[in-house]
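For the protein sequence lines, the chains are A and B, in the order given.
For the first sequence, position 255 (counting from the first letter as 1) is numbered 254 according to the working numbering, and the numbering increases by one without interruption.
So the number in the working numbering is just where the residue sits in the second sequence, counting from 1, plus 53.
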Amino acid sequence: MITDNPEEEKLHILVVDDECLLAKTIADILHIKGYGVETAFNGSEAVEMVGQRSFDAVLMDIKMPELNGVAAFLLIKTIAPELPVVMMTAYSTDVLVSQAREQGALGILPKPLDINALLSFLSTLEKELGIFIIDDDHDFCRTVTGVLQKRNFKAHYETDAFNAMEYIKREEGVVLLDMKLNRISGLEVLRKIRDENPHLPVILVTGYRDEMRSLVEKGLELNAFAYLYKPLDMNKLFSLLDRIKRKKLRHALGER
Amino acid sequence: MEKKARILIVEDEAIVAEDLEMAISDIGYEVVGRAASAKDAVKKALALKPDLVLMDIVLRGNRNGIDASQEIKEKEDIPIIFLTAYSDVGLIDRAKSTEPYAYLVKPFQEKQLLASIEMALYKSRLEKKLKESEGWLSTTLNSIGDAVIATDATGYVKFINPVADSLTGWKHEEAVGKPLEDVFTIVDVETGEHIENPVSVVIREGRIVGLANHTVLVAKDGRAIPIDDSGAPIRDEKGTIIGVVLVFRDITERKRAEEALHELTEELERRVEERTEELKKAHAELVRKEKLATLGQLAGGIAHDLRQPLGVINNAIYFLKITLPEADETTKEYLDLINDEIKNSEEIISGLLELTRTRPPERREVNVSSLIEKALEKFDIPDTIKLTNDIPGDIPAIFVDAAQIDRVFYNIINNAVQAMSADNERELAIHATLNAARKVEVSFRDTGVGIPEANMKKLFEPLFTTKVRGIGLGLSICKNLIEINSGEITVQSKEGEGTTVTVALPLYVESTEGRVK
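The structure is reproduced here in C-alpha cells:
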C-alpha cells in the first residue's frame, strides 16, 4: 500500500461495519491516507478490540445484527470513556440515531460517506489544540503557558494586545483574553477579533468579578465562548478546552 | 197564477175607485188598498209595497199623481200605470219622467185594464231580474282580486273595477269613455318599447290573448308594475264582438318570489359546485396520501439496501482517485461521472425518505434572508442567469424548522434553474413581502419553460414528473415540509413564459416560544 506520509505517526482507527465491503473500502482509504486502521464486522468484535488495544477513534455503523452500533458504543464508553466514536448510518431518521446522539456520539455520518468530512474530522482530531493567551501580566502568561504545554497543548502568549491583533487572523485554536489590558479594553480587542475571525473561540479572563460583570456580558454577546475568573481554575480551563475540541470535531463532521 | 198580484188603487173619486176595485178583483188580482190623495198614495205604497200602483193623474189637493209617482219611484221600485180621463199631451210628457209602464185612458174596458196590468207586471219582473243580475255582476267585478277593464268594440273604456283603478291610477269616472291606451299603458320591461294594445289584437283575432313576459303596466303616476294579463272578446248573443274585457294582476310579489327562488337556486348550485370542488380536492389529497403511504412502505427498505452498495461504490471511487493521480483525462472524467451519479442516486433516496418519514419540525426564530442565502450557496448559478435577491431588511423573522425550509427553498430554486434553458433570457427573482394574513410570502419567479395547464393539478402529487431525470418528489416534499411548518405553497405558471412559486410562512412571535439565551 502506498501512504501519503508513512514516517509521521498517525492516528489508529477502528472501522466497524457488518457490511464487509464498506468496512474494507473505508479502511483502505484511511490506510492510504496514512492512518492505522483495523476493521471489525460486528458490535461484539468491536467492543472486544477496544478492550485489547488502544484506538484514537472509532467509526461504527449503527444498524448491525445482534449487538447494534449504539449498544456497542455504550459498552465502549465503559471501557474507554474518552474515546471519540463517530456513527455511520443509512437511515437518518432511525430511533437509534437519536439514541446515539443522546449518548454522546461525536457525530453521525450518513451513508454513502462524505469521506472529505471524515478526513477533516480525523485531521482535527490529530491536531493539538493551539492556545493563544493575550494578557499584559507577563507572569500569568508564562505560568499558564507552562501548564498547558505540560498537558500537550500548543500554547503561546502575547502581552501586547496591539501585537496580538496583528496575527489574530491566522489563529485557529483558542484565545484566552484578559478583559483588563493596560492600553486597550479586552472588549475592544474582542471586537477586533470578531472583525477578522468571527468564529474563533475566545475565553474571557477577568480578575475583577463584580466590576467586570457588564463587560463580560457584552463579551458573551460578541459570541465569546465562556469566561473564567483569576486566579485561573485549571480544571475548568481544561474542561472548556475539551468542549471546544469536541465542538471543532463536530464541526468537521458537518454537524450543526 | 200562483200568487195574486197585489195592487194599490189611487183614485180620488170614490165611485170610480169602487168600480176599479171590483173590476180588478173580478179579473183575479188582490186590491191591497185605496188612496185618494198624493200624500196618502205615497204613504200606502211605501207601507204596503204593492206589486203595482194604478195611479190617477188628476188628484185633489196640491199634488197630482205624477208627483206621487215621482216620490214613490225615488224610494221603491214599484211599477205604475197611469189613469187619465183624457189624453193631455203635456201631462203625459211629464209623466214619462217617472217611467210608467202604461197609460190607460178613461173610460177603458176591463180587457184593456187586464192587458195593461199583465204587461206592467211582466215588464217589472223582467227589469228586476235584469237589475239583480247587473248588480250581481258589478258587485262580482268590484269584489274580485284581479283588475278588470272592459271596453267597447272601438277600444273605449266602458268599465274599470277598483283593483284596476288602483293599479292604473285612473278613477272609474276618469277612465270611462277614454281610449284604452290612455288608461292601460303597457311596455316591455326589457326593450322599453310599447306593447300593442291587447284590445286591438282581441278584436282583430277574435280570440282570447295573453300578454308576453316582461310586461309592465305604466301607471298614471309613472310607477311600473309588472303584470300578467289576458284579454277576451265580449260577444253579444249573435256572436258579434261588442267589446273586450281585460283581466290583469300585479305580479310584483310573484316576480320577487321568482327572483328569490332563482337566487336560491343559483346559491344552491354554487354550493354544490363548491362542495364538489372540495370533494375533488379531498380526493386528490387522499390519492396523494395513499401514494405516500405506499412509497413509505417501500422507501425504508430500498433506501437502506441501496445506500450500502452506493457507499461501497463511493468509497471505491474515492480510493481510485487517490491511487490514480496520473490517470488520463477521460478516466478522471469517468470517475467524476460515477461520483455525480452516486450523488443523484443518493438524492433520490433521501427524497423518498424525506417525503415518507418527515420528522416533526423543530421550529424556531429564523431569518428569511439568511435562509435564502444559504440555499443559494449550494448552487453554482451561471452568470447567464440574472439573479435578483430582494429580501427587504424589515421582513420579520419566521417561525419554522430552518433545515426543512432550507430544503424547500433549495428544491424550488433547483426547479427554477433547471426550467430555464440557455437560449432564453434567464432571470430568477426572489422577493419577500408581508402579506395580509400576516405571513411572510417568499416568491421565486423564473423565466423558464413554464408548466402546461394540464399539469398544474398534478404538481404536488408524488411521482409526478416531467423531467428526464428525477422521480417526481421535489414539490411533493416541499408541500409536506411547508404544511407541517404551518405554511402554504402556491404555483402560478404560464407555459413558455415562466413560473412563480410562492411560499407563505408564519411569523415568529416572541410569545410563541420562550426565548432561551
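Each residue gets a CB set at the ideal place from its N, CA and C atoms; glycine is no exception.
Roughly how many angstroms separate the alpha carbons of residue 530(B) and residue 407(B), rounded to a whole number?
-> 7 Å
Taking all protein chains shown into account, do 16 or more other C-beta atoms lie within 10 angstroms of the C-beta of residue 325(B), making it buried, or fewer, making it exposed?
-> exposed
Sequence ranges, beta strand (DSSP E) only - wholly within the region 196-250 of chain B, length at least 3 = 200-205, 210-213 and 238-241
May I ask which residues mark the beginning and end of the alpha helix (DSSP H) holding residue 463(B)?
-> 455-472
Taking C-beta pairs closer than 7 Å, name the residues in chain B that residue 226(A) reaches, listed in chain order.
-> Within 7 Å Cβ-Cβ: nothing; residue 226(A) doesn't reach chain B, min ~15 Å.
So residue 250(B) packs on residue 208(B), CB below 8 Å; how close in whole Å?
-> 7 Å
Comparing alpha-carbon positions, which option in 72(B), 374(B) and 309(B) lies nearest residue 114(A)?
-> Taking only the C-alpha atoms, the option nearest residue 114(A) is 374(B).
For residue 252(A) and residue 105(A), believed in contact at Cβ under 8 Å, the rounded distance = 7 Å
Cross-chain neighbours of residue 61(A) in chain B, by beta carbon under 7 Å = Neighbours of residue 61(A) on chain B: none; closest Cβ ~11 Å, over 7 Å.
By how many angstroms is the C-alpha of residue 220(A) removed from the C-alpha of residue 212(A)?
-> 13 Å
Out of 112(A), 73(A) and 244(A), which has the shortest C-alpha to C-alpha gap to residue 395(B)?
-> 112(A)
Going along chain A in order, which residues have a C-beta closer than 7 Å to the C-beta of residue 371(B)?
-> 28 and 114
How close, in whole Å, do the beta carbons of residue 36(A) and residue 12(A) come, if the pair is a contact with beta carbons under 8 Å?
-> 5 Å
Under a three-way DSSP split, which group does residue 7(B) fall into?
-> Coverage of chain B is limited to positions 54 through 570, which leaves residue 7(B) absent and any answer about it impossible.
Identify whether residue 109(A) lies in helix, strand or coil by the three-state DSSP scheme.
-> strand
By DSSP, does residue 155(A) sit in helix, in strand, or in coil?
-> strand
Straight-line CA distance for residue 1(A) to residue 27(A)?
-> Because the pLDDT of residue 1(A) is 43, which lies under 50, any placement of that residue in the model is unreliable, and the question is left without a value.
Can you have a look at residue 218(B) and say buried or exposed, based on whether 16 or more other CB atoms are within 10 angstroms of its CB?
-> buried
Would you report the Cα separation of residue 174(A) and residue 130(A), rounded to the nearest angstrom?
-> The alpha-carbon atoms of residue 174(A) and residue 130(A) are separated by roughly 6 Å.
Output yes if chain B places a C-beta closer than 8 Å to the C-beta of residue 64(A); else output no.
-> no
If the cut is a Cβ gap below 9 Å, which residues of chain B does residue 25(A) touch?
-> Here the neighbours are 364 and 368.
Cβ of residue 79(A) within 8 Å of any chain B Cβ | no
So, does the CB of residue 384(B) fall closer than 8 Å to a CB anywhere in chain A?
-> no
Nearest chain D C-beta to residue 395(B) closer than 8 Å, yes or no?
-> No chain D is part of this structure, whose protein chains are labelled A and B.
Is the beta carbon of residue 99(B) sitting closer than 8 Å to the one on residue 134(B)?
-> no
Between residue 58(B) and residue 95(B), is the Cβ-Cβ spacing less than 8 Å?
-> no
Just the C-alpha distance for residue 470(B) and residue 236(A), rounded to the nearest angstrom, thanks.
-> 50 Å
Touch check for the region 134-142 of chain A and the region 150-167 of chain A: three-plus C-beta pairs under 8 Å?
-> yes
Hey, how far is the Cα of residue 17(A) from the Cα of residue 135(A)?
-> In a straight line, the C-alpha of residue 17(A) is about 56 Å away from that of residue 135(A).
Given that residue 356(B) touches chain A, what residues does it touch there, using C-beta distances under 8 Å?
-> 89 and 90
Is residue 415(B) close to chain A, meaning its C-beta is less than 8 Å from at least one C-beta of that chain?
-> no
Nearest chain A C-beta to residue 401(B) closer than 8 Å, yes or no?
-> no
Quick one: does residue 537(B) have its CB under 8 Å from some CB of chain A?
-> By this cut-off, residue 537(B) is not an interface position.
Please determine, among 260(B), 229(B), 485(B) and 267(B), the residue with the shortest C-alpha to C-alpha distance to residue 244(B).
-> 267(B)
Kindly list the residues whose CB is nearer than 6 Å to the CB of residue 285(B), restricted to its own chain and excluding five residues on each side of it in sequence; keep chain order.
-> 261 and 298
Buried or exposed for residue 83(A), please, with buried defined as at least 16 other CB atoms from any protein chain shown within 10 angstroms of its CB.
-> buried
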